[in-house]
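Peer 1: When we follow the working numbering, the leftmost residue of the sequence shown carries the number 656, and every step to the right adds one.
Can you keep this structure in mind? I'll have questions shortly.
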Amino acid sequence: TIDGVRQIMEKIPAPNAVKIITFWKSSAGLDVQDMRRKQIAEITASKGDIWHHQVRLETIGGQAGPKLTLTFNPAKAVQRSYSDIGFLDSQESSLDAVRSELGGLILVAAPPGNGLTTLMYGLIGKHDPYTSIVQTIEYDVQAPIEGVMQNKFDPTGSAEYATTVRSILRRDPNVVGVTDFRDAETAKEVVRADLKRTKVYLAVKTDGAIRAIQTLVKYQGSPGDCANVLSAAVAQKLARRLCTNCRVQYAPDPALLKKLGLPADKVKALYKKGGQVLIKNKPEVCPMCSGGGYFGQIAFLEVFPIGDAERAMITAQNWNGLLGEFRKRGLPTLQQMGLRRVVEGHTSLEEFSRVTAVAKPAAGKPPAKPADE
């Protein structure tokens, strides 16, 4: 995976793949005979004094055979300062106001692989752990947060996850980050807690702020109770950033701009991926992005503070009305933020379309109907 997108690689013969997995598991001290159970470890890979990298190994069995995932420098991958996340000034102001309030529930949403942990760590790290008690409950502590008590949940222990969440909330901390939300009991424990004194950040693996609210309501069961404790919903999706060394400027089609709601008289140029640069008047593969056209990632973010009007819509489960309230306040959606990044030249229309495409629902029970966007 490069910049969040899986790359097609040459297939490795099965016997060789098993040898590779066995080598890494043996190097990390994992059970090489157990090919089904999930196993996790971290090791240091180095080449003399030239370079050193932390490598996180995760192996698990499946119908297609064992799977190995290697993440290089995992802590670095999720550590990003709050100022580097990419909020607009207006969004930061909204978050500052919510953060200054005592208590409340803030939903933090992103689809899998879209930087949910980074976003959670950034928001939690904005609180001063030396003037307030800040804790997290995590299945997997991916990086240290200075001054924060990070509680690692042991799934092999006797206590359930929701019970552990309740125990932490009863200690009266000022701020709690619940980085995993997997069942109804967790939702119920969070909503019934004393959120007038404790501020909770609840991570939700879903697409968009409104879907995060819908998910909470679905699992907790009482729209009114959820509405009463909600302070805000924050959502993120990641897109690949255009390589500034080889991106290509072009004049966009006015008809397309109109369809996207962009003013043709103001948007005179956009950028698309390149992949090549001229070196001594000869086209060569871009040395910065290795010809991919993208280098790094950029976030599309939405920040929706919850007030009385929004609480009424949530209680009534009027999702289109909820979106309408946010629009009245001029709060940008993920799609609007994505188009903004396209116009600014940070990413391409092609990448915007890939990231904001509506996923097809899986077979079985249909998901809750989202608000029109």
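Positions of the beta carbon are idealized from the N, C-alpha and C atoms, including for glycine.
No experiment lies behind these values; they were computed from the predicted model shown.
Starting from Asn-1042, trace the alpha helix (DSSP H) both ways and give me its first and last residue.
Peer 2: This structure gives no information on residue 1042, because the portion of the chain shown stretches from 656 to 1028.
Peer 1: Return the chain-ordered list of same chain residues with a C-beta closer than 6 Å to the C-beta of Ala-919, the five sequence neighbours on each side being excluded.
Peer 2: Here residue 919 is taken as the residue at index 264 of the sequence shown, counted from 1. Pro-909, Leu-912, listed in sequence order.
Peer 1: Just reading off the alpha helix (DSSP H) that Glu-840 is part of, what are its end residues?
Peer 2: As a working note, residue 840 is residue 185 in the sequence shown. DSSP places Glu-840 inside the alpha helix (DSSP H), whose first and last residues are 839 to 847.
Peer 1: Quick one: residues in its chain with C-beta nearer than 8 Å to the C-beta of Ala-839, no 5 flanking neighbours on either side, listed in chain order?
Peer 2: Against the sequence shown, residue 839 aligns to sequence position 184. So the qualifying residues of the chain are Tyr-874, Gln-875, Gly-876.
Peer 1: Does DSSP classify Met-804 as helix, strand or coil?
Peer 2: Locating residue 804 in the sequence shown gives position 149, where the first residue counts as 1. Looking at Met-804 - three-state DSSP - the assignment turns out to be strand.
Peer 1: Could you tell me the boundaries of the alpha helix (DSSP H) in which Thr-970 lies?
Peer 2: As a first step, residue 970 is located in the sequence shown; it is residue number 315 there, counting from the start. Counting along the chain, Thr-970 sits inside the alpha helix (DSSP H) bounded by residues 963 to 970.
Peer 1: Quick test of the definition: if touching needs 3 or more C-beta pairs under 8 Å, does the stretch 771 to 788 touch the stretch 827 to 843?
Peer 2: yes
Peer 1: State the Cα-Cα distance for the pair Arg-691 and Leu-743, rounded to the nearest angstrom.
Peer 2: Residue 691 sits at position 36 when you count from the first residue of the sequence shown. Residue 743 sits at position 88 when you count from the first residue of the sequence shown. Taking the straight line from one Cα to the other gives about 45 Å.
Peer 1: Who are Pro-960's beta bridge partners in DSSP?
Peer 2: As a first step, residue 960 is located in the sequence shown; it is residue number 305 there, counting from the start. Paired residues: Ala-887.
Peer 1: Spatial neighbours of Lys-807 within its chain, please: C-beta separation below 8 Å, excluding the five flanking residues on both sides.
Peer 2: Here residue 807 refers to the residue found at position 152 when the sequence shown is read from its first residue. The answer, listed in chain order, is Glu-793, Tyr-794, Asp-795, Val-796.
Peer 1: Roughly how many angstroms separate the alpha carbons of Ser-787 and Leu-762, rounded to a whole number?
Peer 2: Within the sequence shown, numbered from 1, the residue matching residue 787 stands at position 132. Within the sequence shown, numbered from 1, the residue matching residue 762 stands at position 107. Their backbone Cα atoms lie some 20 Å apart in a straight line.
Peer 1: If we call anything under 8 Å between Cβ atoms a contact, is Thr-861 one with Thr-870?
Peer 2: Within the sequence shown, numbered from 1, the residue matching residue 861 stands at position 206. Within the sequence shown, numbered from 1, the residue matching residue 870 stands at position 215. Result yes, Cβ atoms of Thr-861 and Thr-870 sit closer than 8 Å.
Peer 1: From what residue to what residue does the alpha helix (DSSP H) around Tyr-816 run?
Peer 2: Counting from one through the sequence shown, the residue named residue 816 turns up at place 161. That run of the alpha helix (DSSP H) goes 816 to 824.
Peer 1: By the 10 Å Cβ neighbour count, where 16 or more other Cβ atoms means buried, how is Lys-731 classified, buried or exposed?
Peer 2: For the purposes of this step, residue 731 is taken as the residue at position 76 of the sequence shown. Classification for Lys-731: exposed.
Peer 1: Should Thr-1032 and Arg-996 be called a contact, given that it needs their Cβ atoms to be closer than 8 Å?
Peer 2: Missing from the structure shown is residue 1032; the chain here goes from 656 to 1028 and no further.
Peer 1: Span of the alpha helix (DSSP H) holding Ala-752?
Peer 2: As a first step, residue 752 is located in the sequence shown; it is residue number 97 there, counting from the start. Per DSSP, Ala-752 belongs to the alpha helix (DSSP H) from 744 to 755.
Peer 1: In whole angstroms, what is the alpha-carbon distance linking Gln-952 and Ala-887?
Peer 2: As a first step, residue 952 must be located in the sequence shown, where it is residue number 297. As a first step, residue 887 must be located in the sequence shown, where it is residue number 232. Taking the straight line joining both Cα atoms gives about 25 Å.
Peer 1: Could you give the first and the last residue of the continuous alpha helix (DSSP H) run that contains Ser-1008?
Peer 2: Counting from 1 along the sequence shown, the entry for residue 1008 is found at position 353. Looking at the DSSP string, the run of the alpha helix (DSSP H) that includes Ser-1008 is 1004 to 1011.
Peer 1: Where does Tyr-949 land, buried or exposed, given buried means 16+ other C-beta within 10 angstroms?
Peer 2: On the sequence shown, residue 949 is found 294 positions in, with the first residue counted as 1. Buried: at least 16 other Cβ atoms inside 10 Å.
Peer 1: Do Gly-879 and Thr-970 come within 8 Å of each other at the CB atom, strictly closer than that value?
Peer 2: Position 315 of the sequence shown, counting from 1, holds the residue named residue 970. Position 224 of the sequence shown, counting from 1, holds the residue named residue 879. Their beta carbons are under 8 Å apart, which means Thr-970 touches Gly-879 by this criterion.
Peer 1: If distances are taken between C-alpha atoms only, which option among Leu-760, Ala-882, Thr-772, Leu-885 comes closest to Tyr-856?
Peer 2: Here residue 856 refers to the residue found at position 201 of the sequence shown. Nearest of Leu-760, Ala-882, Thr-772, Leu-885 to Tyr-856, Cα basis: Leu-760.
Peer 1: By the DSSP assignment, the alpha helix (DSSP H) with Val-998 in it spans what residues?
Peer 2: Translated into the one-based positions of the sequence shown, residue 998 becomes position 343. Val-998 -> alpha helix (DSSP H) spans 989 to 998.
Peer 1: Could you check whether Ala-894 and Gly-993 sit closer than 8 Å to each other, using their CB atoms as the reference points?
Peer 2: For the purposes of this step, residue 993 is taken as residue 338 along the sequence shown, with counting starting at 1. For the purposes of this step, residue 894 is taken as residue 239 along the sequence shown, with counting starting at 1. Going by C-beta atoms, Gly-993 is nearer than 8 Å to Ala-894.
Peer 1: Measuring straight from C-alpha to C-alpha, what distance separates Pro-1025 and Ile-865?
Peer 2: Walking along the sequence shown from the start, residue 1025 turns up at place 370. Walking along the sequence shown from the start, residue 865 turns up at place 210. Model confidence at Pro-1025 stands at a pLDDT of 44, short of 50, so the residue's coordinates are unreliable; what they give is reported in the following sentence. Their Cα atoms are separated by approximately 7 Å.
Peer 1: Under 8 Å, do Val-889 and Val-846 count as touching if we go by C-beta distance?
Peer 2: By one-based count along the sequence shown, residue 889 stands at place 234. By one-based count along the sequence shown, residue 846 stands at place 191. Result no, Cβ atoms of Val-889 and Val-846 do not sit closer than 8 Å.
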